[in-house]
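Working notes, structure below.
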Amino acid sequence: MGKKRREKHKLNQKERKTNRRERGGRRFNDQQWKTEKFKLKQQLNKFGLDIKEISGDGNCLFRAISDQITGNENSHSEYRVLAIEFMRENSEDFSPFVEDDEPFDDYIKRMSKLGTWGGNMELQALSLVLNVNIKIHRLGEPIWEITNFDRERSIHLSYHDGDHYNSVRLRGDLGDCEPIIIPEQLEAVKENERDAEIRWRTCAEFFVDTINGVWGKIESLIPVMKKFYQNPPDFEEVLEDTQEILSEVKKNENETQKSEDKRKDGQIYEEKKEVNQKKNICYGKKPSKLPNNKDKCWCGSGRIYKKCCKATDYLREVEEEKIISRMESLKI
267 MGKKRREKHK LNQKERKTNR RERGGRRFND QQWKTEKFKL KQQLNKFGLD IKEISGDGNC
327 LFRAISDQIT GNENSHSEYR VLAIEFMREN SEDFSPFVED DEPFDDYIKR MSKLGTWGGN
387 MELQALSLVL NVNIKIHRLG EPIWEITNFD RERSIHLSYH DGDHYNSVRL RGDLGDCEPI
447 IIPEQLEAVK ENERDAEIRW RTCAEFFVDT INGVWGKIES LIPVMKKFYQ NPPDFEEVLE
507 DTQEILSEVK KNENETQKSE DKRKDGQIYE EKKEVNQKKN ICYGKKPSKL PNNKDKCWCG
567 SGRIYKKCCK ATDYLREVEE EKIISRMESL KI
């Protein structure tokens, strides 16, 4: 490789590394990234599929493969080694596809390091060495299929923002056990009540995570969304109604807080009542002299008189005066 070509190769490598680092740095916080993931989850949900999140550290392709085969991403380094060894042993099939005229040995050496991003060649190698076909799901695009066998099973990945792989599983099968095999022919599933609840929760998670950062609780948001929409909404609908949803949730939270305050006040009142009864205090008997506004109420609640029984006592006195007046008028 000539001097100019080597310099161009280093520059291209540096640019790719910088671009990936910039995308990776914002990936898990950027609204565009979260929006794309939410839309892809909705796209997959129609076929009974879901996304299992994979760590984004440069090993995501191998981590996703590990999850598809073993049920978790912990064996990613082993699958990297499998891919590298297979490509090295079959260099004549892979070397023509190395980008930027990079020597094949240099490529293999670079790709052997943990944290180096894998791509199409590694997927092809893993398909061949593991005897599986690979299906890759992308937002708004046909499934990209790496098919090397007629009768072998397929494993499923999702590809996001041009630089991250996740594992695709059957909905409800997102644990760390070996995944349930996804049928070869994907068909739209009939949604039952449980599936609908999962979609409602997905919408609420997206809203909490994307629209307003870490604001709110998912459990308090789902009932509000059900009030706004007959069915789990699409992303565009959520965006249009953001302020109305926020206002409704805030209103519900205020009402809940008021109810909680009343409950606590009632609980304190009953506790003090019980204590006073144990002390043989004549509970509920109004004293001849009423307390001042800021003194503790005579009823034993522990609250100040002004905010407790004052209004009731006033009404009682008014009624008593009316009764006395009537009795006076009846005197002969």
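Read in order, the letters of the sequence shown are residues 267 to 598 in the numbering used here.
Each residue gets a CB set at the ideal place from its N, CA and C atoms; glycine is no exception.
Here the structure is a predicted model, which is why all the values come from computation and not from measurement.
The three-state secondary structure of Val-364, taken from DSSP, is coil.
Take Gly-324, set aside five residues on each side of it, and the residues of its chain with a beta-carbon closer than 7 Å to its own are Gly-381, Thr-382, Trp-383, in chain order. In the three-state DSSP reduction, Glu-388 falls in the helix class (H, G or I). Arg-329 counts as buried, since at least 16 other C-beta atoms from the protein chains shown sit within 10 angstroms of its C-beta.
Residue range 297-311 is occupied by the alpha helix (DSSP H) that includes Leu-310. Within its own chain, the residues whose Cβ lies closer than 8 Å to the Cβ of Phe-494, once the five positions on either side in sequence are excluded, are Asp-507, Glu-510, Ile-511, Glu-514, listed in chain order.
Lys-555 sits in coil when the DSSP states are folded into three classes, being neither helix nor strand. Residue environment analysis places Arg-419 among the exposed positions, since fewer than 16 neighbouring C-beta atoms fall within 10 angstroms of its C-beta. For the pair Gln-334 and Ser-486, the CB atoms are not nearer than the 8 Å cut-off.
The count of Cβ pairs closer than 8 Å, one atom from the segment 295-307 and one from the segment 355-369, stays below three, leaving the stretches out of contact. Sorting Arg-404, Glu-355, Cys-326 by C-alpha distance to the C-alpha of Ser-341 places Cys-326 at the top.
By the 16-neighbour rule on beta-carbons within 10 angstroms, Gln-298 is exposed.
For Leu-405, the secondary structure class from DSSP, reduced to helix, strand or coil, is coil. Under the DSSP assignment, Arg-329 falls in the alpha helix (DSSP H) whose first and last residues are 326-336. When the alpha-carbon of Arg-437 is set against those of Ile-447, Ile-374, Asp-429, the nearest one is in Ile-447.
Under the DSSP assignment, Tyr-373 falls in the alpha helix (DSSP H) whose first and last residues are 370-377.
Counting along the chain, Lys-560 sits inside no beta strand (DSSP E), nor does DSSP assign it H or E at all. Here Arg-465 carries a helix assignment [DSSP, helix/strand/coil].
Between Glu-302 and the set Pro-557, Tyr-425, Ile-464, the nearest pair of CA atoms involves Tyr-425.
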